[in-house]
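Student:
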Amino acid sequence: MNNSNFVYGSELQGRGYVTETDVAFGCFTTATGVVAFCGALLNFYLIKHVKAFHNAFGFFWAARTVGELGSDFVYAVYTGPITLVQSTSIPPELSIFAYHFAFTFTYIQCIMHWAVSINRLVAVWFPFYYDRIFNKKLCVGVVIGICVASIMIVALYLIFPCNHIGYSPRFHENVFVK
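When we follow full-length UniProt numbering, the leftmost residue of the sequence shown carries the number 1, and every step to the right adds one.
#1: Strictly by DSSP, which residues pair up with Tyr167?
#2: Do three or more CB pairs link the stretch 85–102 to the stretch 163–172 at distances below 8 angstroms?
#3: What residue ranges within the stretch 12–40 form continuous beta strand (DSSP E) runs of no fewer than 3 residues, ordered along the chain?
#4: Pull up the CB-CB distance for Tyr8 and His100, whole angstroms please, since I reckon it's below 8 angstroms.
#5: Is the separation between the beta-carbon of Ile146 and that of Ile118 shorter than 8 angstroms?
#6: Rounded to whole angstroms, what is the Cα-Cα separation between Asp22 and Ala149?
#7: Which residues in the same chain as Phe44 place their Cβ atom closer than 7 angstroms to its Cβ, once the five residues preceding and following it in sequence are excluded?
#8: Let me confirm a value: Tyr107 is counted as buried when at least 16 other C-beta atoms fall within 10 Å, else exposed. Which label applies?
#9: Would you kindly work out how many angstroms separate the C-alpha atoms of Asp131 and Phe171, rounded to a whole number?
#10: With DSSP run on the structure shown, which of helix, strand or coil describes Tyr99?
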């Protein structure tokens with residue numbers, strides 16, 4: 001490999017022109033991100049206004065929805081539009097940041113699904129102990145623990161430079177940065 005031709009983050013650049021596939025994928029991704037973002041806002045509205053959600057389940061579901069908002073925001077504002085533009089002057093740091101931002105929130109969302117599942121298991125199998133087990137202190141601790149764990153996991157990707165990942169509009173996927 002000739003090192004004089006190497007450009008860091010070149011795989012994160014667009015191709016400079018837009019194809020039909022780029023338009024279809026970019027429009028679909030942007031629209032999906034916007035619709036999912038609106039769905040997450042509807043989740044928050046329902047959690048706030050429906051009394052059935054004013055418990056540990058609603059708290060965990062709201063925390064899961066925060067994860068959804070973060071990843072949906074990246075799809076609606078970065079991934080879809082950058083695919084539509086196919087710019088050749090995208091700063092690699094921006095693409096790497098967008099990936100890690102979305103991954104952090106996706107991690108929160110996935111692990112919060114686990115917490116919701118445990119919550120529902122206890123509600124069904126141990127209904128008399130539910131309020132004692134899922135008190136406010138435990139719920140806040142679980143959510144904070146999951147958020148801290150997600151940040152620590154993503155930080156590992158940033159510590160080791162061989163693990164830099166970013167979104168490539170040319171390939172329509174997240175790729176390792178060389």
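Virtual Cβ for every residue (Gly too), placed ideally from N, Cα, C.
Tutor: According to the structure data:
#1: As a working note, residue 167 is residue 167 in the sequence shown. Beta-bridge analysis with DSSP links Tyr167 to Asn174.
#2: Yes, they touch.
#3: The stretch 12–40 contains no whole beta strand (DSSP E) run of 3 or more residues.
#4: Sequence index remark: in the sequence shown, residue 8 carries index 8 (1-based). Sequence index remark: in the sequence shown, residue 100 carries index 100 (1-based). With a beta-carbon spacing of about 17 angstroms, Tyr8 and His100 fall beyond the 8 angstroms limit used to define contacts.
#5: The count along the sequence shown starts at 1 and reaches residue 146 at position 146. The count along the sequence shown starts at 1 and reaches residue 118 at position 118. Taking 8 angstroms as the Cβ cut-off, Ile146 and Ile118 do not qualify as a contacting pair.
#6: The residue you call residue 22 lines up with position 22 of the sequence shown. The residue you call residue 149 lines up with position 149 of the sequence shown. A straight-line Cα-Cα distance of about 35 angstroms links Asp22 and Ala149.
#7: Mapped onto the sequence shown, residue 44 falls at position 44. Cβ neighbours of Phe44 beyond the five flanking positions: Ala62, Thr65.
#8: Working through the sequence shown from its first residue, we reach residue 107 at position 107. Tyr107 should be labelled buried.
#9: As a position in the sequence shown, residue 131 is number 131, starting the count at 1. As a position in the sequence shown, residue 171 is number 171, starting the count at 1. It is roughly 49 angstroms from the alpha-carbon of Asp131 to the alpha-carbon of Phe171.
#10: By 1-based counting over the sequence shown, the position of residue 99 is 99. Tyr99 falls in the helix class under three-state DSSP.
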